[in-house]
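Trainee:
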Amino acid sequence: METIRLLVDKSGDNEGIYSQAVDLLNNGEVVAFPTETVYGLGAVATDDRAVKKIFEAKGRPSDNPLIVHIGSIEDVLNFIEEIPQNAFKLMDSFWPGALTLIMKVKPGVFAPSVTAGLSTVGIRMPDHEVALNLLRKLQKPIAAPSANRSGKPSPTKAIHVEEDLRGKIPLILDGGTTGIGLESTVLDITVNPPVILRPGGITQEMLQEVIGEVILPNKEQQQLETTPKAPGMKYTHYAPEAPVYLIESDQQIVENAIIQLKSDGKQVALLAPSNFHSLGADYFFTFGNEGDQERMGAKLYDDLRACDKTKANIILVTTTSTEGVGAAIMNRLEKASGGKWYK
Ligand code: TXA
Ligand code: MG
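Heads up, the sequence shown is in our numbering, so the first residue is 1 and it goes up one at a time.
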C-alpha cells in the first residue's frame, strides 16, 4: 500500500485533504492525524474491521484497548452509561485537552476491539485544530492509539509516523510537531478517589484542584497490581533499539560514566540538558534548559528516535524530578529503560 503524507497548512484551504481523510475513514480505512499530545492512528470507532486494521498496522496486542476521540463534549452522553459528577467538572476544565477519562461504556456503542472486552472505555476530546476539524467533518467518534509501531516511542512528528507505518496505512495528515509530546493523562473515574493510570500533561496537582483527592500510584504500587488497570502499561514501551540507562542529572556523574563506557569500547549517546554539552559522548542530544520539563516532555520521543539513527550501543538519559509533568516524563523513561539505572 502506498502511504501519502499531506501537509495540512494553517493558512491554506484544506477542504480537499479533509474530505479525502473522511472518505477513507468512512470506507473502513485508517488515517494518521496530529493531536496536541502525539499523532494518533484513527479508525471509525463503530467499525470493527477498520479498528482491527489499527492493531494490525501497529503490531499491537489485541488485549490493549484504544482511546476514543470525540469532537464535542455532548458526544459523551451518547456513549457513556454513567457519567460521574466529577467527570462533568473535569470535562469543563480540561476538554478539549490531554485528559482521557475512563468511564462505563454503553454496551454495543463501539466496535468490540476498541474496548478489548472491558466494560469501560477511555474517551477524550483532543485540543488540536486538525483533529477537531477531522472529527467534526466525519461526525463520528474516532478510535485512535498513538501512531507508532507497538513498543516504539510515540510519534510527535508526521515523519515519525511515516518511518514506522510506511506501506501499512494510506494517509498521514501532517500538522507539524505536536505540542505536549507525551500521551494524555489517563484517569479512571469509575473508582473513588479517581486513579491516574497513566500520568501525562494534565498533572495530579491540576486534577486535584478541580475534584479533590486523586491517586497517582507509585512504581511499587503499580507493580503490586496483578492485573494492570491500563492494560497498555504492562508492555515494553517508548524504547529505542539500543538499551537506555537512566542516570542522575549531575555533570560529574555523567562524565565519569561516559569515561567508563568508552573504555569498555561502547559508543555512547547522551540525552541531557543543554548545559551538559557532550561530556565526551559520541552523540549528544539535548532536551533544552535544565529543569524545563515542558520542553523535555515535548522533545523526549524525538530525541529517543534520533538516538536510534546513530551507531550508539548505549543511551544515557538524565532524569528529572517527578513534580508536575515530571511524573509523566519519568514514567516514560522508566518504561524506555526497563527501569535500568547506570550506576
Ligand atoms: O494522547 C493520547 O492519549 C494519544 C493520542 C493519539 O490521543 N493516544 C494514546 O493511545 O496514547 P494509546 O493507545 O497509545 O494509549 C492508551 C492507553 C493505554 O495504556 C491503554 O491501556 C489505556 O489507555 N486504556 C484505554 N482504554 C482503557 C480502559 N477502558 N481502561 C483502562 N485503560 C485503558
Ligand atoms: Mg501508545
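Where is the CB? At the ideal position from N, CA and C, for every residue including glycine.
Treat the numbers as computed from the prediction; the structure is a model and nothing was measured.
For valine 8, name the three-state secondary structure that DSSP assigns.
Mentor: Position 8 of the sequence shown, counted from the start, is the residue given in the question as residue 8. Note: valine 8 maps to coil in three-state DSSP.
Trainee: Is it a yes or a no for the stretch 31-44 touching the stretch 144-151, going by three-plus beta-carbon pairs under 8 Å?
Mentor: Cβ pair count under 8 Å is three or more, so yes.
Trainee: Consult DSSP for isoleucine 142 and reduce its assignment to one of helix, strand or coil.
Mentor: For the purposes of this step, residue 142 is identified with residue 142 of the sequence shown, where counting begins at 1. In the structure shown, isoleucine 142 sits in a strand (DSSP, three-state: E or B).
Trainee: Taking its Cβ as the centre, do 16 or more other Cβ atoms sit within 10 Å of valine 191, making it buried, or is it exposed?
Mentor: One-based indexing of the sequence shown puts residue 191 at position 191. It counts as exposed.
Trainee: Could you tell me if the beta carbon of glycine 122 falls within a distance shorter than 7 Å of some heavy atom in the ligand TXA?
Mentor: Reading the sequence shown from its first residue, position 122 is the one you call residue 122. Answer for glycine 122: yes, Cβ within range of the ligand TXA.
Trainee: Strictly by DSSP, which residues pair up with valine 195?
Mentor: In the sequence shown, counting from the first residue as 1, residue 195 sits at position 195. The partner list for valine 195 (beta bridge, DSSP) reads Asp188, Ile215.
Trainee: Classify aspartate 345 as helix, strand or coil using the three-state DSSP reduction.
Mentor: Because the chain in this structure spans residues 1 to 343, residue 345 falls outside the shown range and cannot be described.
Trainee: Can you tell me which of the three DSSP states phenylalanine 33 falls into?
Mentor: Against the sequence shown, residue 33 aligns to sequence position 33. It is a strand residue.
Trainee: What do you get for glutamate 162, buried or exposed, if any count of 16 or more other CB atoms within 10 angstroms of its CB means buried?
Mentor: Indexing the sequence shown from 1 puts residue 162 at position 162. Buried: at least 16 other Cβ atoms inside 10 Å.
Trainee: Less than 8 Å separating the beta-carbons of valine 268 and aspartate 282?
Mentor: Locating residue 268 in the sequence shown gives position 268, where the first residue counts as 1. Locating residue 282 in the sequence shown gives position 282, where the first residue counts as 1. Yes; because the gap between Cβ atoms is below 8 Å, this pair is in contact.
Trainee: Taking histidine 69 as part of the beta strand (DSSP E), name the residues at either end of that continuous run.
Mentor: For the purposes of this step, residue 69 is identified with residue 69 of the sequence shown, where counting begins at 1. Note, histidine 69: beta strand (DSSP E), 67-69.
Trainee: Say the cut is 7 Å; is the CB of proline 126 nearer than that to a heavy atom of the ligand MG?
Mentor: Taking the sequence shown and counting its residues from 1, one reaches residue 126 at position 126. Checking every heavy atom of the ligand MG against the Cβ of proline 126, none is found closer than 7 Å.
Trainee: In the DSSP assignment, find the unbroken beta strand (DSSP E) run with threonine 3 in it and report its ends.
Mentor: Indexing the sequence shown from 1 puts residue 3 at position 3. Careful: threonine 3 lies outside any beta strand (DSSP E) and carries neither H nor E.
Trainee: Can you find at least 3 beta carbon pairs, one from the stretch 126-133 and one from the stretch 83-92, that sit closer than 8 Å?
Mentor: No, the stretch 126-133 does not touch the stretch 83-92.
Trainee: Please determine if the stretch 291-302 and the stretch 170-188 are in contact, where contact requires at least 3 C-beta pairs separated by less than 8 Å.
Mentor: A contact exists between the stretch 291-302 and the stretch 170-188.
Trainee: Smallest Cα separation from asparagine 64: which of Val51, Ile73, Glu74?
Mentor: In the sequence shown, the residue the question calls residue 64 occupies position 64. Ranking Val51, Ile73, Glu74 by Cα distance to asparagine 64 puts Val51 first.
Trainee: Taking all protein chains shown into account, do 16 or more other C-beta atoms lie within 10 angstroms of the C-beta of histidine 160, making it buried, or fewer, making it exposed?
Mentor: As a working mapping, residue 160 is identified with position 160 in the sequence shown. With 16 or more other Cβ atoms within 10 Å, it is buried.
Trainee: Is DSSP giving alanine 242 helix, strand or coil here?
Mentor: Position 242 of the sequence shown, counted from the start, is the residue given in the question as residue 242. In this structure, alanine 242 counts as coil in the three-state DSSP scheme.
Trainee: How would you label methionine 330, buried or exposed, when you count the other beta carbons within 10 angstroms and need 16 or more for buried?
Mentor: Translated into the one-based positions of the sequence shown, residue 330 becomes position 330. The residue is buried, with at least 16 neighbouring Cβ atoms inside 10 Å.
Trainee: Shortest alpha-carbon distance to asparagine 313 belongs to which of Ser150, Pro194, Asp48, Val244?
Mentor: By 1-based counting over the sequence shown, the position of residue 313 is 313. When only C-alpha atoms are compared, the closest one is Val244.
Trainee: The alpha helix (DSSP H) spanning alanine 158 covers which residue range?
Mentor: In the sequence shown, counting from the first residue as 1, residue 158 sits at position 158. Unbroken alpha helix (DSSP H) run through alanine 158: 158-165.
Trainee: Is it right to say lysine 10 is buried, meaning 16 or more other beta carbons lie within 10 angstroms of its own, or is it exposed?
Mentor: The residue given as residue 10 occupies position 10 in the sequence shown. With fewer than 16 other Cβ atoms within 10 Å, it is exposed.
Trainee: Output the distance between the C-alpha atoms of proline 344 and leucine 101, rounded to the nearest integer angstrom.
Mentor: Nothing about residue 344 can be reported from this structure: the residues present for the chain run from 1 to 343 only.
Trainee: Since isoleucine 315 and alanine 242 are thought to touch, with beta carbons under 8 Å apart, how far apart are those beta carbons, to the nearest angstrom?
Mentor: Position 315 of the sequence shown, counted from the first residue, corresponds to residue 315. Position 242 of the sequence shown, counted from the first residue, corresponds to residue 242. Confirmed, about 5 Å.
Trainee: Look up valine 325 in the DSSP assignment and say whether it is helix, strand or coil.
Mentor: Working through the sequence shown from its first residue, we reach residue 325 at position 325. Looking at valine 325 - three-state DSSP - the assignment turns out to be coil, as it is neither helix nor strand.
Trainee: Return yes when at least one heavy atom of the ligand MG lies under 7 Å from the C-beta of glutamate 183, else no.
Mentor: As a position in the sequence shown, residue 183 is number 183, starting the count at 1. Glutamate 183 Cβ: within cutoff of the ligand MG.
Trainee: Any heavy atom of the ligand TXA closer than 7 Å to the CB of threonine 100?
Mentor: Looking up residue 100 in the sequence shown gives position 100. Flag set: Cβ of threonine 100 near the ligand TXA.
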